[in-house]
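Take a look at the structure below.
Number of protein chains: 6
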Amino acid sequence: MNRLYETENVSLAARAAVLSEALPYIRKFSGKTVVVKYGGNAMQSEDIKRAVISDIVLLSLVGVRAVVVHGGGPEISGVLSRMGKESRFVGGLRYTDGETMDVVQMVLAGKVGKDLCSLITEAGGKAVGLCGLDGAMITAVRRKEGEDCGLVGEIVRVDRELLDVALDAGYIPVVSTVAQGDDGVTAYNVNADTAAAEIAVSLGAEKLILLTDIRGLCRDPKDEETLIHSAELSEIPGLVKNGVVTGGMIPKVDCCVRAIRKGVGRVHILDGRIPHSILIEMLTNTGVGTMITP
Amino acid sequence: MNRLYETENVSLAARAAVLSEALPYIRKFSGKTVVVKYGGNAMQSEDIKRAVISDIVLLSLVGVRAVVVHGGGPEISGVLSRMGKESRFVGGLRYTDGETMDVVQMVLAGKVGKDLCSLITEAGGKAVGLCGLDGAMITAVRRKEGEDCGLVGEIVRVDRELLDVALDAGYIPVVSTVAQGDDGVTAYNVNADTAAAEIAVSLGAEKLILLTDIRGLCRDPKDEETLIHSAELSEIPGLVKNGVVTGGMIPKVDCCVRAIRKGVGRVHILDGRIPHSILIEMLTNTGVGTMITP
Amino acid sequence: MNRLYETENVSLAARAAVLSEALPYIRKFSGKTVVVKYGGNAMQSEDIKRAVISDIVLLSLVGVRAVVVHGGGPEISGVLSRMGKESRFVGGLRYTDGETMDVVQMVLAGKVGKDLCSLITEAGGKAVGLCGLDGAMITAVRRKEGEDCGLVGEIVRVDRELLDVALDAGYIPVVSTVAQGDDGVTAYNVNADTAAAEIAVSLGAEKLILLTDIRGLCRDPKDEETLIHSAELSEIPGLVKNGVVTGGMIPKVDCCVRAIRKGVGRVHILDGRIPHSILIEMLTNTGVGTMITP
Amino acid sequence: MNRLYETENVSLAARAAVLSEALPYIRKFSGKTVVVKYGGNAMQSEDIKRAVISDIVLLSLVGVRAVVVHGGGPEISGVLSRMGKESRFVGGLRYTDGETMDVVQMVLAGKVGKDLCSLITEAGGKAVGLCGLDGAMITAVRRKEGEDCGLVGEIVRVDRELLDVALDAGYIPVVSTVAQGDDGVTAYNVNADTAAAEIAVSLGAEKLILLTDIRGLCRDPKDEETLIHSAELSEIPGLVKNGVVTGGMIPKVDCCVRAIRKGVGRVHILDGRIPHSILIEMLTNTGVGTMITP
Amino acid sequence: MNRLYETENVSLAARAAVLSEALPYIRKFSGKTVVVKYGGNAMQSEDIKRAVISDIVLLSLVGVRAVVVHGGGPEISGVLSRMGKESRFVGGLRYTDGETMDVVQMVLAGKVGKDLCSLITEAGGKAVGLCGLDGAMITAVRRKEGEDCGLVGEIVRVDRELLDVALDAGYIPVVSTVAQGDDGVTAYNVNADTAAAEIAVSLGAEKLILLTDIRGLCRDPKDEETLIHSAELSEIPGLVKNGVVTGGMIPKVDCCVRAIRKGVGRVHILDGRIPHSILIEMLTNTGVGTMITP
Amino acid sequence: MNRLYETENVSLAARAAVLSEALPYIRKFSGKTVVVKYGGNAMQSEDIKRAVISDIVLLSLVGVRAVVVHGGGPEISGVLSRMGKESRFVGGLRYTDGETMDVVQMVLAGKVGKDLCSLITEAGGKAVGLCGLDGAMITAVRRKEGEDCGLVGEIVRVDRELLDVALDAGYIPVVSTVAQGDDGVTAYNVNADTAAAEIAVSLGAEKLILLTDIRGLCRDPKDEETLIHSAELSEIPGLVKNGVVTGGMIPKVDCCVRAIRKGVGRVHILDGRIPHSILIEMLTNTGVGTMITP
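Residue numbers (our numbering), protein chains in the order written: chain A, 208 to 501; chain B, 208 to 501; chain C, 208 to 501; chain D, 208 to 501; chain E, 208 to 501; chain F, 208 to 501.
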């Protein structure tokens with residue numbers, strides 16, 4: 208297990224307090240489903256990656272049904288560049304021609320996902336690397352809104368069967384965001400935040416956790432001290448209006464809102480750079496990010 | 208939940224460390240049986256009593272099959288004295304005539320045990336108060352060695368069936384140390400340490416925890432800093448010879464030795480006066496008492 | 208097994224007739240729940256006690272889910288008197304101060320109930336001694352109607368879970384009438400007839416059997432030949448009006464009426480002094496007491 | 208239910224005694240297998256037939272796994288005679304040519320067996336009429352010893368599967384003694400006592416009951432008062448030598464001996480003419496026939 | 208296995224085509240119920256009989272829950288004539304006096320049905336010969352319409368329990384068309400087409416297959432080339448009106464119509480004289496008879 | 208479903224013969240495990256690929272537990288060449304440096320395997336794309352014998368758990384031959400024939416089918432008419448000695464031999480270029496390739 212801090216220096220009373228606080232949460236979440244969207248900087252540092260994986264494995268040890276949904280933009284760009292092909296983005300989305308789609312599929316489903324499985328094994332867990340082509344788990348159609356981005360898809364259906372098979376057998380599904388076209392042939396590149404949200408919805412997840420590169424939603428985005436620990440769905444429009452949620456956070460927060468509306472219990476926006484932020488958020492009374500509730 | 212300390216003052220890193228350390232233990236002990244012998248001073252203070260009960264309930268929440276075996280000497284003496292009957296001890300054991308036996312049975316099985324069930328309910332758990340007469344769970348014969356003590360019994364058989372029924376259904380059995388005579392009629396007063404050990408043996412328990420009024424075994428009994436954290440069975444005779452184990456601790460340690468020999472995984476001698484000593488001993492790397500291993 | 212009479216003197220034809228008659232009843236009641244309220248004189252004679260226990264064990268052998276609910280007034284008075292404390296009754300109910308409540312709990316849950324378990328074991332059955340504090344099985348509030356009687360409670364809820372756990376595992380629950388206060392702390396003394404009725408209701412029992420010191424309801428209470436074998440619920444008010452039901456029988460019959468109204472199949476008022484009255488009433492065409500039907 | 212005698216005239220004490228005695232037997236035999244060979248005079252009187260069927264249905268009601276194996280000599284002879292064909296016997300066995308075999312099969316499997324099923328339905332039970340051709344349940348070869356009797360077979364194998372299917376589903380198998388030849392084509396006529404014994408052996412039956420036209424084995428065959436209630440296997444040779452067992456009883460007793468040797472618990476030779484002899488023998492302390500024990 | 212043709216002469220491509228076509232049907236029908244009415248000429252030729260039995264056994268091997276309902280007019284007439292009793296028919300139905308009924312029951316349930324079981328065993332399957340008297344499976348009342356035919360019954364109830372018991376255990380029920388009278392005593396002779404239809408209805412069968420002596424329904428009954436492969440329920444009245452369905456086919460088609468109306472999936476009228484017509488109809492795209500659909 | 212041939216032209220008799228022959232095989236293989244090594248030319252033609260996939264899906268429809276193990280040399284070479292990296296072979300094995308290994312993993316686990324899953328979905332089946340990194344399914348160490356080939360591994364352990372999870376849930380595992388290093392970090396490139404054999408062994412497979420580019424083993428390799436339909440293990444050394452097995456077939460046949468020795472039931476060497484060769488080999492009496500038996 209990866210631990211950045213030793214418990215020897217923690218007083219008996221503090222240890223007892225942390226444990227007494229955590230056990231009821233463990234019981235509460237045991238058997239429940241938690242979907243973690245994992246990407247961005249939290250995936251680039253080896254130390255942070257190990258801490259994230261450690262948290263997920265630890266939760267699965269105590270019965271949480273954990274699902275990891277990952278991205279992999281930098282890795283895709285790397286392979287494309289080695290092939291002498293430039294990455295091209297349209298409105299923030301990667302333009303995905305057929306050749307690019309092959310690379311997206313190979314890198315995500317063949318490399319990033321399977322390597323995460325390997326890390327989970329090393330940390331004492333069990334994982335299986337899946338994508339939308341496995342058992343037609345994620346079906347998409349070509350994205351219609353906005354400018355044409357090629358084989359970028361919009362999810363139209365998630366079939367939870369294979370996820371349940373894996374979870375019931377104690378495996379952590381590691382899902383790569385490649386979808387099966389509804390023509391049964393074409394593969395599509397889909398957005399990881401959206402995929403995580405749709406998967407959480409289809410599983411009736413207790414929690415959707417988005418690991419990001421920010422502390423959470425802050426009343427003053429420049430001051431982490433103004434972090435909003437918890438917000439109800441009804442407060443979100445006001446936060447957008449007041450400029451608390453801006454830019455790239457808007458589609459992310461939209462994802463959260465849709466997930467909650469479709470039955471996910473809670474969504475957490477966490478700072479992936481804080482080691483063990485998942486454990487702390489889930490198992491202690493005072494969280495470290497922003498929780499959105501119905 | 209009873210908590211003597213707030214977690215707010217514990218740093219994120221410390222919390223993460225405590226939790227990361229605890230979760231593998233929780234997984235390890237989930238589904239395993241732990242027998243706690245509860246008596247002495249840890250049963251006289253209301254605060255400590257609540258902390259002990261809280262620990263046991265918390266462990267049961269995360270799947271530990273916890274069994275409580277309790278004594279109740281002071282309560283028995285109290286009722287006897289209210290009846291104008293003096294308590295009489297022979298070689299450390301209560302002389303138990305028929306009238307005394309009735310009081311022992313009433314106080315332990317009717318009052319102390321059932322009140323512990325009530326406290327467990329209050330703490331969020333489920334309990335059932337049993338004694339050796341329930342389903343002939345504990346059978347004893349009249350104690351033969353030493354001076355005659357009346358209806359003091361020696362356990363000859365523990366039938367685990369009823370304990371399993373309760374544990375399988377999620378109940379914490381609270382066992383009063385009254386045994387069924389092998390004539391099917393007489394009831395016997397049995398020693399609580401021995402009863403706990405025999406029950407742990409019959410259940411193939413992972414752990415037997417003796418809550419006592421001392422810190423554990425100390426190389427220099429007057430200096431708690433010399434606490435022996437862990438001792439193998441083979442080291443025990445030396446500890447007795449060297450005077451580390453003396454007086455009333457000798458029969459207790461004998462109990463531990465027999466339990467280990469008959470298959471109990473670990474025995475812990477803990478200081479019942481330290482709040483939450485059970486949680487700390489079971490779920491952190493650095494224990495607070497003495498652990499005896501095979 | 209306790210038998211007061213040998214079968215040798217019974218003709219083959221008579222034996223065949225009794226058995227042919229009994230087997231369909233045995234099939235009918237196998238797997239069904241029967242709650243027996245056991246108290247009064249039927250509990251004072253050792254012979255009768257053994258015959259009652261024998262009947263209950265025999266029924267449990269052939270699959271009846273039997274529950275015993277017992278009282279113990281004389282035993283409580285005995286212990287109180289040995290403590291130099293006089294029993295005091297208010298309107299037929301024992302005035303129960305805190306000290307008395309402790310004695311009620313100790314005597315019923317610690318002595319009378321557990322001793323019945325011992326007898327059941329001896330007769331070849333399996334039993335477990337429970338009270339309202341076990342798994343918060345019976346919850347009560349302080350009795351509000353009538354004169355103040357101290358800690359005398361009125362049942363507000365019966366939780367059948369623990370009874371089912373015991374019954375499913377083949378144990379006969381022996382229930383002492385001590386209830387958990389709804390504050391989670393106070394214990395209350397509750398009426399045994401009422402407790403038996405409420406338990407029968409919560410279990411959806413096929414039968415509630417009240418063992419009493421009278422033959423049953425008789426049209427002329429002084430003439431047992433006028434015994435009413437069977438009465439419908441609608442006939443009860445007339446029987447009260449006509450003086451068939453009087454005095455202490457009125458609350459008992461009220462209990463029966465409430466039990467039937469809340470779904471219990473049949474209530475039987477039996478003479479506990481007739482040996483094996485339970486077997487005869489349940490397994491032959493011609494009963495020995497009064498059966499009340501919906 | 209068929210009852211030849213009313214229980215009204217039986218005293219309460221007698222009823223209690225019969226029931227107290229019977230219930231432990233009922234528990235003991237519940238779930239156990241009892242094979243009844245039914246034939247002879249007990250099958251000719253309608254009253255006796257109803258009493259026998261009633262006993263079997265009653266036992267099945269309380270969980271006994273009852274199997275009926277029947278003969279039907281008189282019925283076979285009747286049909287043959289209506290076809291103008293004379294019955295011919297060789298050494299006590301019916302000479303069975305092909306035409307006769309067709310009649311044996313039709314009468315036993317089509318008429319006598321199915322009619323018994325109908326009676327069992329009427330008595331409140333469930334039955335299914337089987338023979339050795341169903342699921343190749345009984346396999347035979349042509350009888351080799353003694354004079355040639357045509358298609359008379361010797362059983363070489365009983366396959367219990369179909370019997371278990373029926374018993375597990377609560378049906379009473381009614382078995383006609385027609386066997387499948389080991390060539391897969393020919394059908395054989397087999398002896399009913401032997402078939403019952405072989406079936407009892409294959410099922411590991413608790414009891415094999417042979418309903419006969421005699422009271423049982425009597426030391427003086429002319430005096431029923433000398434009935435032998437119970438005999439051990441080792442006593443049988445002596446009984447044959449002393450002329451207690453003679454004539455047609457010798458092959459019957461041989462059957463019993465083989466059944467016991469191959470694991471059947473007890474064999475009972477009962478007088479089929481005594482109404483309800485099965486119930487009395489099985490559920491009371493004092494039997495009415497001869498029991499052979501290992 | 209009986210095979211009239213070797214596969215050696217079938218090209219690889221043809222074999223692959225037949226198999227590729229068959230496997231989805233096998234999956235579709237596995238676990239589904241198919242009732243086959245078997246009678247007429249298809250029962251008189253030994254070769255055809257073996258081919259029919261082979262088909263049914265093969266289907267049961269791959270998980271089809273097959274039920275056979277058979278007639279046996281010629282066999283009944285044969286036995287009656289050997290008894291010197293003439294068969295008498297009234298409006299196409301056998302006049303069934305008591306003596307005749309005994310013969311009907313004996314021949315169908317004792318001979319024809321059990322012999323089919325024997326053939327099924329020989330072909331590698333498992334079968335059990337049942338009739339309406341087994342477990343009161345088929346209940347009938349005396350036929351009221353038309354001229355009096357004696358003990359000819361009209362089915363009023365089919366109890367599927369025993370059929371399910373047999374099918375669940377992997378046995379093919381072979382049902383003889385003898386019914387239990389609703390008085391619990393009389394047995395009735397019932398029409399086999401009707402019995403098959405009622406059984407199919409009670410089992411919610413996927414298919415009812417009537418093996419007949421004609422090719423199917425033909426637009427020009429004299430020209431098999433005009434075979435109607437498939438007809439919807441709504442087309443049937445037209446077919447009767449146009450003389451496509453005439454004479455003895457009218458009641459048969461009525462049976463089919465009722466079966467479909469009461470929930471049977473498909474009814475097939477097949478030519479029992481074509482070897483393996485059942486396999487070909489069920490497992491290839493181009494059937495050989497007429498299929499009636501809802 | 209893909210079908211290269213219509214059944215219309217196949218005579219009824221031929222269809223019946225093929226089906227009668229196939230059904231017992233279907234029953235025999237239902238629930239059994241068949242591992243198909245799929246590679247070479249059979250993977251390059253789209254038509255053949257669809258026929259192979261169709262066969263596997265059809266078998267899985269009738270209950271065969273099918274596992275596909277695939278290679279993908281040409282696809283790997285293609286991506287390497289697009290990266291400007293030349294493929295290099297050492298003694299027939301691809302020299303695999305770290306960069307090449309990344310490509311091997313991406314192409315096999317991310318592209319070839321997942322695309323096969325997509326095809327299986329299209330053909331009506333369910334599949335999941337796995338590799339040795341999923342649940343540490345295949346563990347390897349660096350290949351020691353022969354010349355150094357970089358990250359080419361030798362399998363030391365196959366963990367069947369994840370395969371069983373997928374198969375039990377009705378999924379066809381499609382396995383890419385990438386193994387987890389026993390250091391828990393490095394990934395290795397492993398030979399597909401060997402991987403298929405080891406997987407078949409770990410699953411106790413009924414059959415291992417190697418799809419190749421030759422007709423099977425032929426006594427005269429130049430004459431397909433000399434095809435050896437079946438060979439026992441003991442005949443193999445002779446075949447090598449006599450030059451029947453030569454060159455690249457030697458390691459393949461070695462694989463087969465090891466698989467049989469370790470418990471696989473049968474190994475088939477089939478010509479992947481014959482459409483539906485798997486169905487024909489498995490479900491007809493006359494196979495199309497060479498079967499090796501113990």
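Note that beta-carbon positions come from the ideal geometry of N, C-alpha and C, so glycine has one too.
Cβ neighbour criterion (16 or more within 10 Å) applied to residue i
i: S363 of chain F; result: Note on residue identity: the sequence assigns Val, not Ser, to residue 363 of chain F. The residue in question, V363 of chain F, is exposed, as its Cβ has fewer than 16 Cβ neighbours within 10 Å.
i: D478 of chain E; result: buried
i: D262 of chain C; result: buried
i: G161 of chain D; result: In the structure as shown, chain D begins at 208 and stops at 501. Residue 161 of chain D is therefore absent and cannot be evaluated.
i: V392 of chain E; result: exposed
i: I260 of chain D; result: buried
i: R426 of chain E; result: exposed
Rounded C-alpha distance that separates residue i from residue j
i: S218 of chain C; j: M308 of chain E; result: 43 angstroms
i: H483 of chain B; j: A258 of chain B; result: 6 angstroms
i: L323 of chain C; j: V381 of chain C; result: 7 angstroms
i: I435 of chain D; j: G455 of chain D; result: 18 angstroms
i: R468 of chain A; j: K459 of chain A; result: 14 angstroms
i: L340 of chain C; j: S325 of chain B; result: 6 angstroms
i: A223 of chain B; j: I487 of chain A; result: 6 angstroms
i: L417 of chain C; j: G377 of chain B; result: 32 angstroms
i: Y232 of chain B; j: L370 of chain A; result: 27 angstroms
i: V241 of chain D; j: E413 of chain D; result: 6 angstroms
The ligand HEM heavy atom lying under 8 angstroms from the CB of residue i
i: L300 of chain E; result: The ligand HEM is not part of the structure shown, which contains no ligands of any sort.
Contacting residues, own chain, Cβ-Cβ under 6 angstroms from residue i (five flanking each side not counted)
i: K448 of chain C; result: none
i: L211 of chain B; result: At L211 of chain B, the pLDDT of 45 sits below 50, so the modelled position is not reliable and the matter cannot be decided from this model.
Close-in-space but distant-in-sequence residues of the same chain around residue i (CB under 7 angstroms, 5 per side omitted)
i: E151 of chain B; result: Because chain B is modelled from 208 through 501, residue 151 of chain B falls outside the range shown and cannot be assessed.
Taking beta-carbon pairs under 9 angstroms, can you tell me which members of the region 215-230 of chain C lie near chain D?
Within the region 215-230 of chain C, the residues whose Cβ lies closer than 9 angstroms to some Cβ of chain D are E215, N216, V217, S218, L219, A220, A221, R222, A223, A224, V225, L226, S227, E228, A229, L230, listed in chain order.
Positions along the region 263-292 of chain E whose CB lies within less than 7 angstroms of some CB in chain F:
Cβ contacts with chain F come from L265, L268, V269.
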